[in-house]
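Working notes for the structure below.
Number of protein chains: 2
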Amino acid sequence: MPGSTEVADVTDPERPARRTGGRSARVQDQVEGAALAVLLDAGYSGLTIRAVAQAAGVAETTVYRRWPTVGDLAAAALLRLAARGNPIPDTGSLVEDLRLLLTQVTELLARPEVLRVVRSAVVAEGDAARHARNAFFQQRFAASSVIVERAIARGELPPDTDGLRLIESLVGPAYMRALFGYREIDDDFVESSIASVLATVR
Amino acid sequence: MPGSTEVADVTDPERPARRTGGRSARVQDQVEGAALAVLLDAGYSGLTIRAVAQAAGVAETTVYRRWPTVGDLAAAALLRLAARGNPIPDTGSLVEDLRLLLTQVTELLARPEVLRVVRSAVVAEGDAARHARNAFFQQRFAASSVIVERAIARGELPPDTDGLRLIESLVGPAYMRALFGYREIDDDFVESSIASVLATVR
Chain R
1 MPGSTEVADV
11 TDPERPARRT
21 GGRSARVQDQ
31 VEGAALAVLL
41 DAGYSGLTIR
51 AVAQAAGVAE
61 TTVYRRWPTV
71 GDLAAAALLR
81 LAARGNPIPD
91 TGSLVEDLRL
101 LLTQVTELLA
111 RPEVLRVVRS
121 AVVAEGDAAR
131 HARNAFFQQR
141 FAASSVIVER
151 AIARGELPPD
161 TDGLRLIESL
171 VGPAYMRALF
181 GYREIDDDFV
191 ESSIASVLAT
201 VR
Chain W
1 MPGSTEVADV
11 TDPERPARRT
21 GGRSARVQDQ
31 VEGAALAVLL
41 DAGYSGLTIR
51 AVAQAAGVAE
61 TTVYRRWPTV
71 GDLAAAALLR
81 LAARGNPIPD
91 TGSLVEDLRL
101 LLTQVTELLA
111 RPEVLRVVRS
121 AVVAEGDAAR
131 HARNAFFQQR
141 FAASSVIVER
151 AIARGELPPD
161 TDGLRLIESL
171 VGPAYMRALF
181 GYREIDDDFV
191 ESSIASVLAT
201 VR
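In the order they appear, the protein sequences are chains R and W. Each residue of the first sequence is one higher than the last, beginning at 1 in full-length UniProt numbering. Each residue of the second sequence is one higher than the last, beginning at 1 in full-length UniProt numbering.
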């Protein structure tokens, strides 16, 4: 019978997380929020399971069970950072969406604690951390590429426009300047970046 | 008398470095080469004055006198990396110059030891290290911008083209992909990057 496996799982005594329902979701929310807070406050080098457990007000074993490595915690924190307070713009206009998106990115990169997290993500070693970094940026780019898909649907862009390519061209120089400091992100930056990127697709 | 200060300095007994001439240049060459070798081999965390002195075959005091901090050594090493074996292309054609430059960059970023140095540069803290990082990228961008200046002189680009802007649009996605791993640098990457960038200026 279709779906019977899932039904059986919900009542399976071997899966306590599913049975505790609301509490499990609450714990996940607390721990991921704490991981992000620790990362913003202390950087990657300060991100430990102990620190996250303390900040979340849960036992260390609770954290270990679900996020067995620091890389797993970093992944959860980065993905939460990607989502939090940064909805992908949907104004109905490509130019306006790109303007809002790049303004979001430059404002985030101008915050020292966010830049510290991005710098930490760049050097984090090990499989879990690498996975977290790649997942964070893949998620960010995939979400942002929706702007391009909507513009294609409205006829504002050619159907074969590569969304990720367009978004990385838009935000790449902002990340480069923030990370490498060879030139300031000045007042004109957002507008001239948008003009550059739109020239490549029209 | 114009120039008299410089003449006096050369014979000033308080400035032995100027008097020893050839030996001083040799020591500088050895120490900077050793600093780069240590950085490529062990990353920023392995870059110490002791390790560099040993690799260069000179006394630690010799290193301290001229490069008082690890940041000074990192600066010298990064600038040497920027110059070494990576001459700025000068083929007489903008497209060909950009193709060679971006191929250089992607080949460098594909080498794990070079990527380790770039990652280290991103997180290096403190004034000297920050200075080294900024100087490295400013030097790289200034040198690469000569490609744009030559193209303007040949009439291939409008006179008001911003050289640094064009170069960062060209190499930015390569750095982003190498640092953040959200998409591979594939075979088509160099050509599609050049096409994108040229669309913005023509």
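Ideal placement from N, C-alpha and C gives every residue a C-beta, glycine not left out.
- Residue 175/W is not a Cβ neighbour of residue 134/R, given a cutoff of 9 Å.
- At a cut-off of 9 Å between beta-carbon atoms, residue 99/R makes no contact with chain W.
- Nearest neighbour of residue 158/R by Cα position, chosen from 148/R, 164/R, 167/R, turns out to be 148/R.
- Between residue 22/W and residue 56/W, the CB-CB gap reaches or exceeds 9 Å.
- At least one beta carbon of chain R lies nearer than 9 Å to the beta carbon of residue 200/W.
- Following the DSSP letters along the chain, one finds residue 106/W inside the alpha helix (DSSP H) bounded by residues 94-109.
- The beta-carbon of residue 181/W is placed less than 9 Å from the nearest beta-carbon of chain R.
- Listed along the chain, the chain R residues whose CB falls inside 7 Å of the CB of residue 138/W are 182.
- Across the structure, residue 137/R and residue 180/W are spaced so that their CA atoms are roughly 7 Å apart.
- DSSP, read as helix, strand or coil, puts residue 158/R in coil.
- Comparing alpha-carbon positions, the option among 39/R, 119/R, 100/R lying closest to residue 80/R turns out to be 39/R.
- At a cut-off of 9 Å between beta-carbon atoms, residue 57/W makes no contact with chain R.
- By the Cβ test, the segment 88-95 of chain W is not in contact with the segment 114-123 of chain W, since fewer than three Cβ pairs between them sit closer than 8 Å.
- Scanning the segment 111-195 of chain R for uninterrupted beta strand (DSSP E) segments of 3 residues or longer gives nothing; none is fully contained.
- Using beta-carbon distances, residue 173/W counts as an interface residue toward chain R, with a partner under 9 Å.
- With a cutoff of 9 Å on beta-carbon distance, residue 200/R and residue 196/W are scored as near each other.
- Nearest to residue 106/W by C-alpha distance, out of 202/W, 54/W, 160/W, 184/W, is 184/W.
- If you draw a straight line from the Cα of residue 186/R to the Cα of residue 58/W, it is about 45 Å long.
- Non-local C-beta neighbours of residue 121/W in its own chain, meaning closer than 6 Å and more than five positions away in sequence, comprise 133, ordered along the chain.
- Counting only Cβ-Cβ distances below 7 Å, residue 196/W has contacts in chain R at 169, 200, in chain order.
- Sorting 88/W, 66/W, 169/W by C-alpha distance to the C-alpha of residue 24/W places 66/W at the top.
- Chain-ordered, the chain W residues with CB closer than 8 Å to the CB of residue 123/R read 119, 120, 122, 123.
- Each residue's CA atom was taken as its position, placing residue 42/W and residue 150/R some 47 Å apart.
- With respect to chain R, the C-beta atom of residue 93/W has no partner C-beta closer than 9 Å.
- Within chain R, the C-beta atoms nearer than 7 Å to that of residue 164/W come from 183, in chain order.
- By the Cβ neighbour-count rule, residue 45/R is exposed, with fewer than 16 other Cβ atoms within 10 Å of its own.
- Taking CB atoms only, residue 130/W has a neighbour in chain R less than 9 Å away.
- Per DSSP, residue 36/W is one residue of the alpha helix (DSSP H) stretching across 22-42.
- Between residue 109/W and residue 88/W, the gap from beta carbon to beta carbon reaches 9 Å or more.
- The continuous stretches of alpha helix (DSSP H) do not include residue 59/R, and DSSP gives it neither H nor E.
- Assignment of residue 49/R by DSSP, reduced to helix, strand and coil, places it in the helix class.
- With a cutoff of 9 Å on beta-carbon distance, residue 166/R and residue 192/R are scored as not near each other.
- Rounded to whole angstroms, residue 74/R and residue 27/W show a C-alpha spacing of 44 Å.
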